[in-house]
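For the sequence shown, the positions run -3 to 58 when our numbering is used.
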Amino acid sequence: MKITIDTQLCSGHARCAATAPELFELDDSGYAVPLDGEVPAGREKEAREGAWACPERAITVE
Ligand code: F3S
-3 MKITIDTQLC SGHARCAATA PELFELDDSG YAVPLDGEVP AGREKEAREG
47 AWACPERAIT VE
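1. Is residue 17 a contact residue of the ligand F3S, with contact defined as CB to any heavy atom under 8 Å?
2. Just mark residue 43 as buried or exposed, buried being the case when its beta carbon has 16 or more other beta carbons within 10 Å.
3. Going by the C-beta, is residue 22 closer than 8 Å to any heavy atom of the ligand F3S?
4. Based on the DSSP secondary-structure assignment, which residues constitute the bridge partners of residue 29?
5. Whole-angstrom Cβ separation of residue 27 and residue 46, contact assumed at under 8 Å?
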């Protein structure tokens, strides 16, 4: 499972990092970057919740 951030859509709402801080962090400008594109085993639900938390639908987990 892999996390992808659409940097064109990300507007810096930071809800991804608030919801799943072990999978997402914010860069110096406040935009999301996945800590590691690969989702560690057992963290799939957290990754999906982080994606759903984004109002811009900038996160894809597949
Ligand atoms: Fe960006 Fe959405 Fe997170 S707008 S900072 S990917 S909640």
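For glycine and all other residues, C-beta sits at the position ideal for the given N, C-alpha and C.
Once the coordinates are examined:
1. no
2. buried
3. yes
4. 21
5. So it is not a contact: roughly 14 Å between Cβ atoms.
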